[in-house]
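Each remark here refers to the structure printed beneath this line.
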Amino acid sequence: MEEIAAGPLLSQINTPDDLKKLNKSQLQQVCNELRQFIIDCVSIHGGHFGASLGVVELSVALHYALNTPDDQLVWDVGHQAYGHKILTGRRKVFHTNRKYGGISGFPKRGESEYDAFGVGHSSTSISAALGMAIASKYKGETHRQHVAVIGDGAMTAGLPFEALNHAGVSGSNVLIILNDNNMSIDPNVGALKEYLTDITTSHTYNKFRDDVWKLLGKLPYGEFQQDLASKVEAGLKGVLSKTSNLFEALGLRYFGPIDGHNVLKLVETLKDLRDIPGPKLLHIKTVKGKGYDLAEKDQTLWHAPGTFDKITGKINKKIAPVPEPPKYQDVFGHTIIELAEKNPAIMGITPAMPSGCSLKYMMEAMPDRAFDVGIAEQHAVTVSAGMATRGLRVFCNIYSSFMQRAYDMVVHDVAIQKLPVIFCLDRAGLVGDDGPTHHGAYDIPFMRCIPNMVISAPMNEAELRNLMYTAQLPENEYPFVIRYPRGQGVMPEWRTPFEKITVGKGRQIKDGEEVAILTIGHPGNFAVQACKMLLADGLDPAHYDMRFAKPLDEELLHEIATRFQKIITVEDGTIVGGFGSAVLEFMAAHNYTPEVKMLGIPDRIVEHGKPEELHRECEYDALAIANAVREMVDVKVSLATI
Ligand SMILES: Cc1ncc(C[n+]2csc(CCOP(=O)(O)OP(=O)(O)O)c2C)c(N)n1
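Numbering of the sequence shown is given in our numbering, commencing with residue -10 and proceeding in unit increments.
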């Protein structure tokens, strides 16, 4: 892997101090070179694209005007922080971004002192920056700035409003930069989006704001000026009560909107704001994908396009000689429509991932029955619960790791009331390049300990369809989890007829001797491959696809425990409290004492890399399963057989 060449100015910038040595008149050129560097790198190595292009000027302005890393800079989500990473000492290793053993695609405290807070999930930045501001105030470190950069998409979550509610009365020195580009991954949704457009276009309001701002900018900040300023602002609010500003109503000083692509204006503004203490919000308008025409035009596609030809803009796609299996997400996206055509009670909910989870097909086909509710996982669960009380069968599709955020809603609003919401947990298991913030590692344990839960995982496309079909049947009266991984399944011919699956029933994939391999979900396919590898060694383990982590197929487990003394469990999730643990609990409860090996995600943070690399590292791919069988039957593994 080769380092990417940088332009003449950028190649001299190894830290923000180098940037500060430049003249203001050179900043636009730095922006141009930085933008080109991101385009060069992402086109070859992949990664997030449009969001970083949209904040090139902001990244340069922040590191020019602030005193990082003393000033604390928190990027929300962090998928837009490539420019920040490149300016803060990671240009020369940027080609390793998101690669196994390389730098992370998100800010990460362990990676750089400039990454003030680790991110990946959205909407945490204001709380984190406010916490830092409170700490600085307490320690008397009054020189520090604390800045949160948050997108209009991330702003739709509940957490930023909890933080604003606190910030507005805290008197803490925190600056929130609202990067408003009207986009989430898909077009942003909801009333807040409309509101941001309204304040952007309200000329009367903006004129008043500008006047106040100019006044504040000119005056040295003293008690008299503070008093004057607050009187002017109070008057402003009174006069413009109709358009009164949400952020000011919450006790923050609101500035903007300004053009987020004007680097000099940004620098000047950030320097001015430095002198104004207390909580404040700067609203900037940017264009996602700025500077790369195609990315500006199709912002969803270019959020994370994969590798592409930077000249023609052609995105590189694998050309398959034979029909490929579909992605699990697409099986979900098309199957829900098929089911909804037959069952009028079916509805679909996604928190901000209509393209990612493929609910977009239903949103197009049945706009009154499928909704994107914004980045609002907690709301997505409870609104689904509310709909379920009125007899609707809601498929609430949330990525496994984002579901962590809505845990109380699952317990309190769904499970305790025994409401039959169907949770489709996409991206369950090790997701790959996005790394630890996005791995869907914990859902089996955190769902398994809740009474009234059904937890299932399909081994292939047909199983996913059948589980979805089963979950929506009127006889199912429980919350029903269906977890499946990122990426492709295994069946090119996937539109199979629906068959009901009995809840809590597994199936035998193959009979065998000595060792039983018990899998749940997609890793069942790894076990199939392992069994083929083992034939060469004359080993013939049995393989069961258990399908459900809860309820367990006890009848089948009794049969297995009676016949086999050696058991291997395999899951694409943490082994702490997961499916393997459930099997062990069963064995202990019934006084079976087989030798059990549990394969899955170990009890440590697993970094990023390709899923295959990570399955290898965590030792639950086909080879690792085969080796586990060999070890159990005490066959010495020669490296030649690997
Ligand atoms: C809790 C959570 N839900 C969903 C996501 C997936 N996600 C990543 S970026 C993004 C859109 C963010 O939009 P915005 O904050 O406006 O930033 P932009 O990409 O427009 O710069 C979403 C939904 C996430 N990272 N975290």
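Ideal placement from N, C-alpha and C gives every residue a C-beta, glycine not left out.
Remember, it's a predicted structure, so these values are computed and weren't measured experimentally.
- Just how far apart, CA to CA, sit Glu(-9) and Tyr243? 45 Å
- Task: Would you mind sorting Leu259 into buried or exposed? The rule is 16 or more other CB atoms within 10 Å of its CB.
- Result: buried
- Message: By alpha-carbon positions, which one of Asp397, Ala137, Gly129 and Ala124 ends up nearest to Ser111?
- Response: Ala137
- Task: Apply the 10 Å Cβ neighbour rule to Ser14 and answer buried if 16 or more other Cβ atoms are within range, or exposed otherwise.
- Result: exposed
- Message: Counting beta carbon pairs with one atom in the segment 294 to 303 and one in the segment 318 to 334, are three or more of them shorter than 8 Å?
- Response: no
- Message: Looking at the secondary structure, which residues open and close the beta strand (DSSP E) in which Leu497 lies?
- Response: Note that residue 497 corresponds to Gln in the displayed sequence, not to Leu. Start and end: Arg496 to Lys499.
- Message: I want to check one thing, is the minimum distance from the CB of Asp397 to the heavy atoms of ligand 1 below 8 Å?
- Response: no
- Message: Please identify the residue among Ile444, Tyr388 and Pro356 whose C-alpha is closest to the C-alpha of Pro409.
- Response: Ile444
- Item | Proximal residues to Ala377 (C-beta, below 8 Å), its chain only, five neighbours per side dropped | Val383, Val403, Leu408, Pro409 and Val410
- Task: From the DSSP output, in three-state form, read off Ala531 for me.
- Result: strand
- Classification of Ser0 by the beta-carbon crowding that lies within 10 angstroms, buried from 16 upward: exposed
- Task: Report yes or no: do the segment 116 to 136 and the segment 19 to 38 share at least 3 C-beta pairs separated by less than 8 Å?
- Result: no
- Query: Between the C-alpha atoms of Tyr210 and Thr145, what's the straight-line distance to the nearest angstrom?
  - Reply: Per-residue confidence for Tyr210 stands at a pLDDT of 49, beneath the threshold of 50, marking its modelled position as unreliable; no derived number is given.
- Message: Can you give me the C-alpha to C-alpha distance between Ala180 and Ala124, rounded to a whole angstrom?
- Response: 34 Å
- Message: I'd like the span of the beta strand (DSSP E) that includes Ser445, first residue to last.
- Response: Val443 to Ser445
- Task: Would you kindly report the start and end of the unbroken beta strand (DSSP E) that includes Lys269?
- Result: Lys269 to Lys274
- Cutoff 6 Å; reference Asn514; Cβ partners in own chain excluding five residues on either side: Val479
- Message: In the DSSP output, which residue or residues are listed as bridge partners for Val559?
- Response: Thr508 and Leu588
- Message: Nearer than 8 Å: is that true of the beta carbon of Glu574 relative to any heavy atom of ligand 1?
- Response: no
- Task: Could you spell out the range, first to last residue, of the beta strand (DSSP E) harbouring Asn168?
- Result: Val163 to Asp169
- Item | At least 3 beta-carbon pairs within less than 8 Å: the segment 485 to 495 vs the segment 581 to 590 | no
- Message: Does the distance between the C-beta of Gly72 and the nearest non-hydrogen atom of ligand 1 fall short of 8 Å?
- Response: no
- Check whether the Cβ of Gln69 sits closer than 8 Å to any heavy atom of ligand 1, and report yes or no. yes
- When the Cβ atoms of the segment 36 to 56 are set against those of the segment 299 to 315, are three or more pairs found closer than 8 Å? no
- Query: For ligand 1, any of its heavy atoms closer than 8 Å to the Cβ of Met342?
  - Reply: yes
- Query: At a cut-off of 8 Å, is Val163 close to ligand 1 when judged by its beta-carbon and the heavy atoms of the ligand?
  - Reply: no
- Hey, would you say Thr563 sits closer than 9 Å to Asp526, going by beta carbons? no
- Query: How would you label Ser627, buried or exposed, when you count the other beta carbons within 10 angstroms and need 16 or more for buried?
  - Reply: With a pLDDT of only 47 at Ser627, under the threshold of 50, the placement of this residue in the model should not be trusted, and no figure is reported.
- Message: Since Leu262 and Leu241 should fall inside the 8 Å C-beta cutoff, what is the C-beta to C-beta distance between them, to a whole number of angstroms?
- Response: Incorrect: roughly 12 Å between the Cβ atoms, too far for contact.
- Message: With a threshold of 8 Å, are at least 3 pairs of Cβ atoms found where one atom belongs to the segment 276 to 293 and the other to the segment 172 to 189?
- Response: yes
- Message: Could you tell me the alpha carbon to alpha carbon distance between Met457 and Ala531, rounded to whole angstroms?
- Response: 27 Å
- In whole angstroms, what is the alpha-carbon distance linking Val595 and His73? 24 Å
- Message: Could you give the first and the last residue of the continuous beta strand (DSSP E) run that contains Ala538?
- Response: Phe537 to Lys539
- Exposure label - Val19; buried when at least 16 CB within 10 Å: buried
- Query: CB-CB under 6 Å to Met121, same chain, minus the five flanking residues each way: which ones, in chain order?
  - Reply: Gln61 and His135
- Task: Check whether the Cβ of Tyr467 sits closer than 8 Å to any heavy atom of ligand 1, and report yes or no.
- Result: no
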